Amino acid sequence: MLLSSKKRGLPHAHILLTLDSESKIRTKDDIDKIVSAELPDPCTDLRLFQIVTKCMVHGPCGTINSPCMRDGQCCKSFPKQFKDDTEEKVNGYPIYRRRATEPVQVGKYSIDNRWVVPYNPWLLKKFNAHINVEVCASVKSVKYLYKYVYKGHDAASVKIQKEGALDHDEILSFVEGRYVSTPEAMWRLNEFNLSHKSHTVVRLAVHLPQQQPIVYQDGQEAQAIERAALRKTTLTSWFELNKNDPSAHNISYSDIPQYYMFDKSTTNWKKRQRG
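Just so we're on the same page, the working numbering is the position in the sequence shown counted from 1, plus 75.
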């Protein structure tokens, strides 16, 4: 979870959720149960319809001064194409169901399902706010969060001009400074966390016998091979663990970090101590 503040004031959170094996999204029906990209029926759920049309409609879009326009096209790829059924994508986001229905009037604009930002109905009715929910099945989803960690602080250019000044120094009249909005200042003064990670990610080695990766410097290949022969990887250490610890027999390799910790100094798996 990352908290981000914009110049317009209110902060917002970027959250990446990883589901357990029993709850993972595996089919198109699973996607449709969690994410919707369509206008709800006002006759069956008027409150959800009001929230979607107020918070989850992209637009107006297409005018030259729209903030989403880049080189004459919407950078968010709106309007989307109509789609009768959700289409799963192997690497990336699915293409959500957007059936062709009669447009509805939202303010001055006529809107249909092509303009709806994907959302979760339960979250929308719970918080009554803009909450974009996406299903991401790619490891590139991590990149989405970390770009906000390293993007740096908001900045603003300030022009300083003295009253009655006749000779203006254009270079010295501008100051490039950091921009801190009121909510962000409050958040930092109270020392609240700007990011949070609920789980530690453990990288597990996968390799064939005697084919583990080895890092070495030129001219030291033989020494590197000797050192590698003496050190166990997470995989070979797991094999040793199953030989010596019967309680590990029913734990798969991918689940072993939940119950054991890999000690890099001894290259052994050690049982976690529950506090």
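Even for Gly, the Cβ is constructed at its ideal location relative to N, Cα and C.
Only a predicted model underlies this, so the values are computations on that prediction, with no experimental measurement involved.
Cβ distance (whole Å) where proline 193 is taken to contact glutamate 209 below 8 Å: Contact holds; Cβ gap of about 6 Å.
- Query: Among His274, Gly182, Gln148, which one has its Cα closest to the Cα of threonine 93?
  - Reply: Relative to threonine 93, the option among His274, Gly182, Gln148 whose CA is nearest is His274.
Secondary structure at phenylalanine 314, three-state DSSP: helix, strand or coil? Annotated three-state conformation of phenylalanine 314 is helix, per DSSP.
Go ahead and label lysine 272 buried or exposed: buried means 16 or more other beta carbons lie within 10 angstroms of its beta carbon, across all protein chains shown. In the assembly as shown, lysine 272 is an exposed residue. Its beta-carbon has fewer than 16 other beta-carbons within 10 Å.
- [ ] If I'm right that threonine 342 touches arginine 302 with Cβ under 8 Å, what's the distance once you round it to whole angstroms?
- [x] About 11 Å separates the beta carbons of threonine 342 and arginine 302, which is beyond the 8 Å limit, so they are not a contact pair.
Q.
Whole angstroms are fine: how far does the CA of serine 270 sit from the CA of alanine 88?
A. A straight-line Cα-Cα distance of about 9 Å links alanine 88 and serine 270.
*The beta strand (DSSP E) spanning methionine 336 covers which residue range?*
335 to 338 is the extent of the beta strand (DSSP E) around methionine 336.
Exercise. With a floor of 4 residues, list each alpha helix (DSSP H) that falls wholly inside the stretch 156 to 187, ordered by position along the chain.
Key: Listed in chain order, nothing qualifies, since the stretch 156 to 187 has no complete alpha helix (DSSP H) run of 4 or more residues.
Taking only three categories from DSSP, how would you classify glutamine 148?
Glutamine 148 sits in a strand when the DSSP states are folded into three classes.
- Message: Between the alpha carbons of tryptophan 197 and tryptophan 190, how many angstroms are there, rounded?
- Response: Taking the straight line from one Cα to the other gives about 20 Å.
Quick one: measure Cβ to Cβ for leucine 310 and leucine 279, integer angstroms, because I've assumed they're closer than 8 Å.
-> Here leucine 310 really is in contact with leucine 279; their C-beta atoms are around 7 Å apart, less than 8 Å.
- Is the distance from the Cβ of lysine 200 to the Cβ of isoleucine 126 below 9 Å? Contact flag set, yes.
inquiry  = Below 8 Å on the Cβ atoms is my contact criterion, and I expect isoleucine 106 with threonine 161 to pass it. Report the Cβ-Cβ distance as a whole number of Å.
reply    = That pair is a contact at about 5 Å.
Exercise for the section: In angstroms with no decimal places, state the Cα-to-Cα distance between glutamate 113 and threonine 128. Expected result: Between glutamate 113 and threonine 128, the C-alpha separation is close to 10 Å.
Among Asp120, Lys164, Ser185, Tyr168, nearest to proline 154 - alpha-carbon criterion: It is Ser185.
### Query
Between the C-alpha atoms of tyrosine 335 and glutamate 266, what's the straight-line distance to the nearest angstrom?
C-alpha separation (whole angstroms): 33 Å.
What is the rounded straight-line gap between the Cα of proline 32 and the Cα of valine 281? With the chain covering only 76 through 350, there is no way to say anything about residue 32.
- Message: Measuring only the C-alpha atoms, how far is asparagine 203 from cysteine 118?
- Response: Each residue's CA atom was taken as its position, placing asparagine 203 and cysteine 118 some 19 Å apart.
Practice problem: Mind checking which residues open and close the alpha helix (DSSP H) that includes lysine 19? | Solution: The chain is shown from 76 up to 350; residue 19 falls before or after that span and cannot be answered.
Please name the residue in Glu97, Arg263, Ile300, Ser98 whose C-alpha comes closest to that of proline 53.
In the structure displayed, the chain extends from 76 to 350; residue 53 sits before or after that span and is not available.
Please check the pair arginine 172 and lysine 158, which I expect to be a contact at CB under 8 Å, by giving their CB distance rounded to whole angstroms.
Rounded to the nearest angstrom, the Cβ distance from arginine 172 to lysine 158 is 6 Å, consistent with a contact under 8 Å.
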